[in-house]
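J.: One structure coming up, written as structure tokens, with questions to follow.
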Amino acid sequence: MNTRLVNREERKAWAILLDFAADLYLNEPNRERLANCQAVGQQLIGVFPNETFPKMFALAEAKSDAETLQEYFDLFFVPVSDSYLPPFEAAYREKQLTAKLPVLIDQLYTEAGFAPQKLRIPAYMRSISRPDHIGLEMAFLACILTSSLSLETDGALEQAKILQETALSFHSMYLGKWASLFGKKLLETADSHLYKGLASLTQFIDREFIRTFDNKKTIKN
Numbered sequence: 001m002n003t004r005l006v007n008r009e010e011r012k013a014w015a016i017l018l019d020f021a022a023d024l025y026l027n028e029p030n031r032e033r034l035a036n037c038q039a040v041g042q043q044l045i046g047v048f049p050n051e052t053f054p055k056m057f058a059l060a061e062a063k064s065d066a067e068t069l070q071e072y073f074d075l076f077f078v079p080v081s082d083s084y085l086p087p088f089e090a091a092y093r094e095k096q097l098t099a100k101l102p103v104l105i106d107q108l109y110t111e112a113g114f115a116p117q118k119l120r121i122p123a124y125m126r127s128i129s130r131p132d133h134i135g136l137e138m139a140f141l142a143c144i145l146t147s148s149l150s151l152e153t154d155g156a157l158e159q160a161k162i163l164q165e166t167a168l169s170f171h172s173m174y175l176g177k178w179a180s181l182f183g184k185k186l187l188e189t190a191d192s193h194l195y196k197g198l199a200s201l202t203q204f205i206d207r208e209f210i211r212t213f214d215n216k217k218t219i220k221n
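Note that this note's numbering has the sequence shown beginning at 1, numbered continuously upward.
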């Protein structure tokens, strides 16, 4: 296998970033989560000075959790809302919610041992049963990269490389096919700094993930 493992610290950083974005998509924006976003934003401003999302997260208002909570449901749960954006891949790629993509993605999750129902998310999120939810797709990538790190620690380098390839393939075939468009629409629709930041982060993930994990690059072990 010609695949080279991306630098360990870089893979760890990507797993953390993907898990952070997934958490914001899959959980309600309570005061603790908003305060954490502020802290993360302040930490990342110096790391990504030319990106929008750190600045937006740093401006997330921890005292406005009630309004932000309403925005969360209006954006992702209430189809009659003027700001509703279905967070499901099939809605953008197949232009329908009952489609083949969710079935294929669910099979991939099962084969990889990823169980969305075990995530720390509200019961109503687990009951949606939509594996093509953008938050679940990001959580899946975070899980795969974390598992790759564990395998590398145990000395199973070939298996770690296989999981890295799995992550790249999943992004190329699924998340990378629609995340940028969804992020663009979210950026245009969101009112709060929190969700404008999440929109910008989603576009960043779509753009930079492939640059980091593309096997054609020469990457240090």
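For every residue, glycine included, the Cβ atom is placed at its ideal position computed from N, Cα and C.
Considering only the alpha carbon of each residue, which of S192, Q203, I210 lies closest to E67?
T.: It is S192.
J.: Can you tell me the Cβ-Cβ gap for A199 and L186, rounded? I've got them flagged as a contact below 8 Å.
T.: Confirmed, Cβ separation roughly 4 Å.
J.: By Cβ distance below 6 Å, which residues in the same chain neighbour E152 in space, the five residues on each side in sequence not counted?
T.: Excluding residues within five positions, the ones whose Cβ falls inside 6 Å are A160.
J.: Smallest Cα separation from E165: which of L145, E51, F73?
T.: Per the Cα distances, L145.
J.: If you pair each beta-carbon of the segment 16 to 24 with each one of the segment 126 to 139, do three or more pairs fall below 8 Å?
T.: Counting Cβ pairs under 8 Å, three or more are found: they touch.
J.: Can you give me the Cβ contacts of G41 inside the same chain, cut-off strictly under 8 Å, excluding the 5 residues immediately before and after it?
T.: Same-chain partners within the cutoff: F53, P54, K55, M56, F57, A58, L59, A60, G197.
J.: Checking 8 Å against the spacing of the C-beta atoms, do A261 and L75 come in under that value?
T.: The structure shown does not extend to residue 261, since the chain spans only 1 to 221, so no value can be given for it.
J.: Does the segment 1 to 15 come close enough to the segment 113 to 121 that 3 or more CB-CB pairs lie under 8 Å?
T.: With a cut-off of 8 Å, the segment 1 to 15 and the segment 113 to 121 do not count as touching, because too few Cβ pairs lie within range.
J.: Using only CA atoms, which one of L175, I210, I205 lies nearest to L101?
T.: Answer by Cα proximity: L175.
J.: For D65 and R31, I'd like the C-alpha separation in whole angstroms.
T.: About 6 Å.
J.: Taking only the alpha-carbon atoms, compute the straight-line gap between R126 and L34 and give it to the nearest angstrom.
T.: Their backbone Cα atoms lie some 22 Å apart in a straight line.
J.: Could you check the C-alpha separation between L104 and F209 for me, to the nearest Å?
T.: Looking at the two C-alpha atoms, the distance is approximately 22 Å.
J.: Is the CB-CB distance between P87 and D106 below 8 Å?
T.: No; because the gap between Cβ atoms is not below 8 Å, this pair is not in contact.
J.: What separation, rounded to the nearest whole angstrom, lies between the Cα atoms of K95 and L181?
T.: Roughly 13 Å between the two C-alpha positions.
J.: Note down the Cα distance separating H171 from H133, rounded to an integer number of angstroms.
T.: If I take the Cα positions, the gap works out to 14 Å.
J.: Could you pull the start and end residues of the alpha helix (DSSP H) that L101 belongs to?
T.: Per DSSP, L101 belongs to the alpha helix (DSSP H) from 101 to 112.
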